[in-house]
Amino acid sequence: MEKIDNLDKKILSILSKNARMPFKDVAMECNVSRAAIHQRVQKLMDNGVITGSGFDVNPKSLGYSTCTYVGITLEKGSMYKDVVKRLDHIPEVVECHFTTGPYTMLVKLYARDNEQLMNLLNGQLQEIPGVSATETLISLEQNIKREIPVVFSDVEGDNQ
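Below, the structure is given as structure tokens:
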């Protein structure tokens, strides 16, 4: 991965707060041309620094009222990739992490209600070959959701 300079960091900081901000406005804030912003953003995308863009859809607006984290224990850690392939076919699974600690994997999923959650757990997750145990944690409320902060030095040398 190429080195990221202060201009890249400033662009990332601005766009992480508002990904829909027009490049002309980003250019004005950075005191560079719109073409420079476009080139920098494209370079950041090509280098895997920016990995996506889009809208955050509120799951509740689609009828998914229950956010759940499921700790999954596998018979063998080496089964991880096969289990991920199976989890990828369950649309309610929105995140999957290979972890240290008490679980082999940590999965985040959304369910419409307790009945669907039970079906997801008993009828799908626990039926995946290699899954030996699951532990379910239901999120009652999400209070913080944000991107990692991007720190850069401005012209005066202060960190932003």
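My numbering puts the sequence shown at residues 46 to 205. The beta carbon of each residue, even a glycine, is placed where N, CA and C say it ideally should be. Quick caveat: nothing in here was measured; it's all calculated off a predicted structure.
I need the straight-line Cα distance from residue i to residue j, nearest angstrom please.
{"i": "Lys-153", "j": "Val-94", "result": "24 Å"}
{"i": "Glu-186", "j": "Ser-106", "result": "15 Å"}
{"i": "Pro-147", "j": "Glu-192", "result": "26 Å"}
{"i": "Ile-173", "j": "Asn-63", "result": "39 Å"}
{"i": "Asn-204", "j": "Asn-159", "result": "Since pLDDT at Asn-204 reaches only 49, below the 50 mark, its modelled position is unreliable, and the value read off the structure follows with that caveat. Taking the straight line joining both Cα atoms gives about 47 Å."}
{"i": "Lys-69", "j": "His-83", "result": "9 Å"}
{"i": "Glu-74", "j": "Leu-166", "result": "48 Å"}
{"i": "Asp-127", "j": "Pro-136", "result": "17 Å"}
{"i": "Asp-91", "j": "Leu-132", "result": "28 Å"}
{"i": "Ile-49", "j": "Ser-98", "result": "19 Å"}
{"i": "Pro-67", "j": "Ala-81", "result": "13 Å"}
{"i": "Asn-103", "j": "Asn-188", "result": "14 Å"}
{"i": "Tyr-109", "j": "Leu-151", "result": "19 Å"}
Taking the Cβ atom as the reference point for each residue, do residue i and residue j lie within a distance shorter than 9 Å?
{"i": "Leu-119", "j": "Val-195", "result": "no"}
{"i": "Val-129", "j": "Glu-180", "result": "no"}
{"i": "Val-86", "j": "Leu-52", "result": "no"}
{"i": "Thr-145", "j": "Tyr-125", "result": "no"}
{"i": "Ser-58", "j": "Phe-197", "result": "yes"}
{"i": "Arg-79", "j": "Ala-72", "result": "yes"}
{"i": "Leu-34", "j": "Ile-117", "result": "What the structure shows of the chain is the stretch from 46 to 205, and residue 34 is not part of that stretch, so it cannot be assessed."}
{"i": "Lys-88", "j": "Glu-140", "result": "no"}
{"i": "Phe-100", "j": "Gly-122", "result": "no"}
{"i": "Thr-113", "j": "Ser-184", "result": "yes"}
If you count every other CB in all the chains shown that lies within 10 Å of the CB of residue i, and 16 or more means buried, which is it?
{"i": "Lys-190", "result": "exposed"}
{"i": "Ala-178", "result": "exposed"}
{"i": "Thr-111", "result": "buried"}
{"i": "Ala-156", "result": "buried"}
{"i": "Leu-182", "result": "exposed"}
{"i": "Val-138", "result": "buried"}
{"i": "Lys-55", "result": "buried"}
Bridge partners of residue i, per DSSP?
{"i": "Cys-150", "result": "Note that residue 150 is Met in the sequence shown, not Cys. Met-150 is bridged to Ile-117, Phe-143."}
{"i": "Ala-156", "result": "Thr-111"}
{"i": "Val-138", "result": "Leu-154"}
- Message: At 3 residues or longer, what runs of the beta strand (DSSP E) sit wholly inside the segment 78–117?
- Response: The qualifying runs do not exist here; there are none.
- Task: Scan the segment 159–191 and note each continuous alpha helix (DSSP H) run of 4 residues or more that stays entirely inside, going in chain order.
- Result: For the segment 159–191, the full-length alpha helix (DSSP H) segments reaching 4 residues or more read 159–163 along the chain.
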